[in-house]
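Beneath this line is the structure, given in structure tokens, with notes to follow.
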Amino acid sequence: MCAAKLLLPKEYLGKTSSEKPSKKTALLIVFLALFLDNILLTVVVPIIPSFLFAEEMHANVTLQTSEQETSIQSSNSLTSNPLSKFGSQIFSYYNNSFILVENMEFDNFQGLQNSSKTEDRDTNLCKLEGNKFLLNENFKVGLLFASKPFVQLLVNPIIGFLTNRIGNGIPLFVGFIVMFVSTLVFAFAENYAVLFFARAVQGIGSACSSVAGLTLLASLYQDDKERGVAMSIALSGLALGVLVGPPFGSVLYEFFGKPTPFLILASFILLGGALQLFIMKKPKVVAETQKGTPWLTLLKDPYILIAAGVLCFGSIAIGVTEAIIPIWMMRTMCSRDWELGVSLLPGSISYLIGTNLFGVVANKMGRWLCSMTGLILCGAACISIPYATNLYTMIPSTFIIGISLGMIDCSMVPLMGHLVDLRHVSVYGGVYAIADVAFSFGFAVGPLAGGALVQSLGIGGFFWTMTAIGIVNMVYAPFCFFLRNPPAREEKQSDCSSLLTRRYQNSGKSFCHVVKTKKTFFSSSLKDGASPQKR
0 MCAAKLLLPK EYLGKTSSEK PSKKTALLIV FLALFLDNIL LTVVVPIIPS
50 FLFAEEMHAN VTLQTSEQET SIQSSNSLTS NPLSKFGSQI FSYYNNSFIL
100 VENMEFDNFQ GLQNSSKTED RDTNLCKLEG NKFLLNENFK VGLLFASKPF
150 VQLLVNPIIG FLTNRIGNGI PLFVGFIVMF VSTLVFAFAE NYAVLFFARA
200 VQGIGSACSS VAGLTLLASL YQDDKERGVA MSIALSGLAL GVLVGPPFGS
250 VLYEFFGKPT PFLILASFIL LGGALQLFIM KKPKVVAETQ KGTPWLTLLK
300 DPYILIAAGV LCFGSIAIGV TEAIIPIWMM RTMCSRDWEL GVSLLPGSIS
350 YLIGTNLFGV VANKMGRWLC SMTGLILCGA ACISIPYATN LYTMIPSTFI
400 IGISLGMIDC SMVPLMGHLV DLRHVSVYGG VYAIADVAFS FGFAVGPLAG
450 GALVQSLGIG GFFWTMTAIG IVNMVYAPFC FFLRNPPARE EKQSDCSSLL
500 TRRYQNSGKS FCHVVKTKKT FFSSSLKDGA SPQKR
């Protein structure tokens, strides 16, 4: 109780359960929900490829009974003939032991006879570079990664509808519960099918957290400028989760085993759900006072579609990158488990910087320009990744991808809410369900298509896949220009003088500047005799 008093804003303490949560407490809950959800999203990125590699190898090999016997047999067999009847030795990252490979064909064993014991851990996996095993693993990894956003894609419309009907509290709390269950399943999963189930179930929790959380913030922060800052803070929780997840998972997995990172994460998710109960008391059914715009109407709005497309293509880029880079590093750089997680660290750091920095900067330079610049930078960085030869030469590219995605997300997420204010009824469940569908579609199509392309194109598949993703992002970037100054619908024109918001400055110039003075709202252009609607 004392700890909670230190963490929570003073204005919340002492409130009754019938009152709405304050802006700061709501922002805290949404921040935690996105943070924990995205730790779970990314903690598996370095773990899954290595775990599946070990699973496949164990299905075709005979494990040695002791490390001493393994070392002796490895020394005898490798010095004579690596493909003799005794088999060849490959290091397993799953349980840090050597395994005896029988009846497996590898394209490149050149120089294996001269490898020393100190080089076994780092070089034996390198001998897999020319074989088809890791190439064939791309599709399985991509399919598993895509299962979560695919389920999220299907569930989002339902969550958006429920959020408009019953409020945000219940879906947000359900999100914590589903995340907790999914994390426990991940911890004890021992085969591909159970991992697939855990990843798919996570999609339900993510839909609840994202749609309900962003809708809650949009409804509490009516001023568009404040909303943009609040959204950027919430997205920094997402960024922090993406930042912490890969190194957290890879280090604990390598040194303490697979269950450890998931059990620790499950305990934090449990605390997050308890904190929401403490802040919001018992979640209640609180319906919106006005009926929201139908989904089909929102989907027919070209400006909402363009903004959703920006979010989608940015998500495709990071989805493809997360799915195929770890296997590419294992195949070409002989990377260890902790290196697979650290490789994504620069991008996570820059994404955290981008969401905090450009939440304010985008208001000044124009969100359309900020997102267009982000797409161009993201495309260029994707094209440059295949030219990296080691972990360190990847850093500039992944750093640019992270900061460009920060520019895109902190521009488009608040803009989606602004477009609803400007052109539709100000009920946000539907539009943020569409935004989350765009995210989910990108993360579903990205890993699945990326893994399939890399596998079908062979050795050069990684190069052509990353190049194609980069080109697509750069080609779509000019569409952001249409978001420079979106017009209000005719039926909304008459409401411009009574809005409780200061209209967003899309192009850096106010097009509907509304100032509250007691009960009357005057446009700054009235001094010149112009009407509030004129820009």
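Read left to right, the sequence shown gives residues 0 to 534 (numbering that gives the first Met the number 0). All C-beta atoms in this analysis are idealised placements derived from N, C-alpha and C, irrespective of residue type, glycine included. Bear in mind the structure is a predicted one, so any value in this text is a computation, not a measurement.
Return yes when the Cβ of residue j is within less than 8 Å of the Cβ of residue i, no when it is not.
| i | j | result |
| --- | --- | --- |
| N231 | N37 | The identity of residue 231 in the sequence shown is Ser, whereas the question assumes Asn. No, they are not a contact pair. |
| S208 | L269 | no |
| L194 | L143 | yes |
| G429 | G159 | yes |
| V200 | V173 | no |
| N167 | L215 | yes |
| L310 | A432 | no |
| L390 | E338 | yes |
| K290 | V424 | yes |
| W367 | F461 | no |
| C369 | V359 | no |
| V241 | S347 | yes |
| P486 | L344 | no |
Can you give me the Cβ contacts of residue i inside the same chain, cut-off strictly under 8 Å, excluding the 5 residues immediately before and after it?
| i | result |
| --- | --- |
| A265 | F179, T182, L183 and A186 |
| G248 | T41, V42, V43, V44, P45, I46, P260 and G340 |
| A233 | L26, V29, F30, L33, G212, L213 and L216 |
| V210 | N155, I158, G159, T162, P170, G428, Y431, A432 and D435 |
| G540 | It is not possible to answer for residue 540, since the shown part of the chain is limited to 0 through 534. |
What residue range is occupied by the uninterrupted alpha helix (DSSP H) comprising residue i?
| i | result |
| --- | --- |
| S249 | D223 to F255 |
| I470 | G460 to Y475 |
| R483 | Careful: R483 lies outside any alpha helix (DSSP H) and carries neither H nor E. |
| A379 | R366 to S383 |
| C333 | Careful: C333 lies outside any alpha helix (DSSP H) and carries neither H nor E. |
| T397 | L390 to R422 |
| K23 | K22 to V42 |
| K290 | Unbroken run through K290: none, as it is neither H nor E. |
| D435 | G428 to L456 |
| L343 | That residue, L343, is in no alpha helix (DSSP H); it is neither H nor E in DSSP. |
Leaving out five residues before and five after residue i in sequence, what residues of the same chain have Cβ atoms less than 7 Å from its Cβ?
| i | result |
| --- | --- |
| L219 | K22 and A25 |
| S235 | L351, T354 and N355 |
| A443 | A145, P148, F149 and L152 |
| S383 | S396 |
| L576 | Coverage of the chain is limited to positions 0 through 534, which leaves residue 576 absent and any answer about it impossible. |
| V154 | G202, I203 and A206 |
| M393 | S342, I384 and A387 |
| A306 | M411, L414, M415, L418 and L482 |
| I315 | G441, V444, G445 and I468 |
| T464 | V319, I323, G449, L452 and V453 |
| E189 | none |
| I375 | M473 and A476 |
| P325 | V44, P45, P48 and L339 |
| K257 | I46 and F50 |
| R488 | R422 |
| W294 | P156 and G429 |
| L447 | G141, L142 and A145 |
| C377 | G313, A316, I400, S403, L404 and N472 |
| S439 | P148, Q151, L152 and N155 |
Using a Cβ-Cβ cutoff of less than 6 Å, which residues in the same chain neighbour residue i once the five nearest sequence positions on both sides are dropped?
| i | result |
| --- | --- |
| F312 | N472 and Y475 |
| G373 | S403, M406 and I407 |
| S349 | F398, G401 and I402 |
| I303 | L297 and L418 |
| N217 | Position check: residue 217 holds Ala in this sequence, whereas Asn was assumed. Cβ neighbours of A217 beyond the five flanking positions: G416 and Y427. |
| G271 | L31, L35 and F175 |
| L244 | Position check: residue 244 holds Gly in this sequence, whereas Leu was assumed. Excluding positions up to five away in sequence, the list reads I38, T41 and V42. |
| M371 | A476 and C479 |
| L262 | A186 |
| A380 | S396, I399 and I400 |
| R198 | L143, S146 and K147 |
| T15 | Unreliable positioning characterises T15 in this predicted model, as indicated by a pLDDT of 37, which lies under 50. A coordinate reading is not provided. |
| A437 | A307, L310 and C311 |
| T466 | I382 |
Any C-beta of chain D sitting closer than 8 Å to the C-beta of residue i?
| i | result |
| --- | --- |
| V42 | Looking for chain D here will not work: only one protein chain is present. |
Could you say if the region 323–339 and the region 470–488 meet the contact criterion of at least three C-beta pairs nearer than 8 Å?
no
Mind pulling the alpha helix (DSSP H) runs of 4 or more residues that sit fully within the region 160–196?
168–187
With three or more beta-carbon pairs closer than 8 Å as the criterion, would you say the region 158–177 touches the region 445–462?
no
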